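Undergrad:
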Amino acid sequence: MDLSLVGKKYPIFIYEVGSEKIIEYAKATLSKNPYSLNRIFVETTRYKKLIAPPTFVATYAFKALRYVFDDKDLGMYVPNVMHAEQTFEFGEIVKSGDVISTKVELKNGFTKENKNGNKIDFLVVISESKNQRKQIVCNGRWVLVEKYNV
Amino acid sequence: MSKKIKINEYLPFYYGGASGDFNQIHIDDNIAKKSGFKGIILQGLCTMGIISNYFLEDKNPKVIKKIKVRFSKPVYPNDELRIEVNQNKFTVLNQFDDEVISKGEITFNE
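Taken in sequence, the protein lines are chains Y and X.
Each residue of the first sequence is one higher than the one before, starting from 1 at the first, in my numbering.
Each residue of the second sequence is one higher than the one before, starting from 151 at the first, in my numbering.
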């Protein structure tokens, strides 16, 4: 990939959070949490709405990350791209009905060689997601690796 | 703390639908093999989500402040994972005792 593009920022992606998607995501990550799965239970809380599991950011921010994967100038070959590291730092909770805006930026990039002498590119992408009240809901740091000569 | 977590063979497809992550290495055996894997692999963020939910249990999701992982080795359908926790640090191992997540850290809100 073209690591000279470090510093590039992508358009803001807007995602409206739905109850069914929270439930679908919670089940896909083997959650049993009543805040994310039980509509009757959440009626007894002050939220009154389903709350997304923390890593639901993988849904609303991943769609913003698509801009990076699909960036022809960056030139990733996605089947050779591995997710190496991930950090999420959470702010406000995300509830059904929230509208999340996510912006991503190519923060850093470098190349290494593995023990076989093959080139490996590392790309660090940061994401910032805010709700409709402009409160931070999650900051993410995504480390992606593209292998060559697979 | 050590609980075994079985990875259902259909989970990469189910998670793909839930998250939108349909990278071919998660759904196409041939592409995955061409990319150097034994077959399709689970999305790293699915493993991370499972681990996060393991720590969360039935508590309010706001209790988790930060989570950090390094994806060391791929997780395959039918793998059986276990989590080893030492204070706020953790590792995730498969049935062969390979670390699939290393240098895991989790921080909770007070």
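Backbone N, C-alpha and C fix where the C-beta goes; we use that ideal spot for every residue, glycine too.
Note that the structure is predicted; figures quoted are calculated from it, not measured.
What does the Cβ neighbour count give for G18(Y), buried or exposed, with the cut at 16 atoms within 10 Å?
TA: exposed
Undergrad: Are the C-beta atoms of T59(Y) and some chain X residue less than 8 angstroms apart?
TA: yes
Undergrad: Return yes when at least one heavy atom of the ligand ADP lies under 7 angstroms from the C-beta of D247(X), else no.
TA: Ligands are entirely absent from the displayed structure, and the ligand ADP is therefore not among its contents.
Undergrad: In this structure, how does DSSP classify N118(Y) when only helix, strand and coil are distinguished?
TA: coil
Undergrad: In angstroms, rounded to a whole number, what distance separates the CA positions of K9(Y) and Q174(X)?
TA: 26 angstroms
Undergrad: Tell me whether the segment 22 to 38 of chain Y and the segment 176 to 183 of chain X touch, counting them as touching only if at least three CB pairs, one residue from each stretch, are closer than 8 angstroms.
TA: no
Undergrad: Any Cβ of chain X within less than 8 angstroms of the Cβ of I136(Y)?
TA: With 8 angstroms as the cut-off, I136(Y) does not count as an interface residue toward chain X.
Undergrad: Assign F88(Y) to one of three DSSP states: helix, strand, or coil.
TA: Secondary structure at F88(Y): strand, using DSSP grouped into helix, strand and coil.
Undergrad: Does the pairing of the segment 223 to 240 of chain X with the segment 48 to 67 of chain Y give three or more beta-carbon distances under 8 angstroms?
TA: Using a Cβ-Cβ distance cut-off of 8 angstroms, the segment 223 to 240 of chain X and the segment 48 to 67 of chain Y are not in contact, since fewer than three pairs of beta carbons, one from each stretch, lie closer than that value.
Undergrad: Following the continuous alpha helix (DSSP H) through T59(Y), name the residue where it begins and the one where it ends.
TA: It spans V57 to F69 - the alpha helix (DSSP H) in which T59(Y) sits, taken as one unbroken run.
Undergrad: Pull up the distance between the alpha-carbon of I14(Y) and that of D2(Y), whole angstroms please.
TA: The C-alpha of D2(Y) is placed about 27 angstroms away from the C-alpha of I14(Y).
Undergrad: Just how far apart, CA to CA, sit P224(X) and I126(Y)?
TA: 23 angstroms
Undergrad: On the three-pair Cβ rule with 8 angstroms, is the segment 210 to 225 of chain X touching the segment 187 to 199 of chain X?
TA: yes
Undergrad: What span of residues does the beta strand (DSSP E) with N236(X) cover, start to end?
TA: Note, N236(X): beta strand (DSSP E), E230 to N236.
Undergrad: Anyone know if the C-beta pair for T29(Y) and N203(X) falls short of 8 angstroms?
TA: yes
Undergrad: With a cut-off of 8 angstroms, do at least 3 Cβ pairs link the segment 132 to 147 of chain Y to the segment 69 to 84 of chain Y?
TA: yes
Undergrad: Confirm, please, whether the CB-CB distance from K154(X) to E230(X) is below 8 angstroms.
TA: E230(X) is a Cβ neighbour of K154(X), given a cutoff of 8 angstroms.
Undergrad: Candidates N33(Y), A52(Y), T102(Y) and F69(Y): which alpha carbon is nearest K134(Y)'s?
TA: T102(Y)
Undergrad: Any C-beta of chain Y within less than 7 angstroms: which residues of the segment 196 to 213 of chain X qualify?
TA: C196, M198, G199, I200, S202, N203, L206, D208, N210, P211 and K212
Undergrad: Candidates C138(Y), D98(Y), L5(Y) and R141(Y): which alpha carbon is nearest D71(Y)'s?
TA: L5(Y)
Undergrad: Quick check on this structure: which residue in S129(Y), I120(Y) and N116(Y) has the alpha carbon closest to the alpha carbon of V104(Y)?
TA: S129(Y)
Undergrad: Should T29(Y) be flagged as near chain X, meaning a C-beta pair shorter than 8 angstroms?
TA: yes
Undergrad: Take K239(X) and list the residues in its own chain whose beta-carbon comes closer than 7 angstroms to its own, dropping the five residues that flank it on each side.
TA: These residues qualify, in order along the chain: G254 and E255.
Undergrad: For T111(Y), which three-state DSSP category applies?
TA: T111(Y): strand per DSSP, three-state reduction.
Undergrad: On the three-state DSSP scale, how would you describe F163(X)?
TA: helix
Undergrad: For the beta strand (DSSP E) holding T29(Y), just list the boundary residues, first then last.
TA: Unbroken run through T29(Y): none, as it is neither H nor E.
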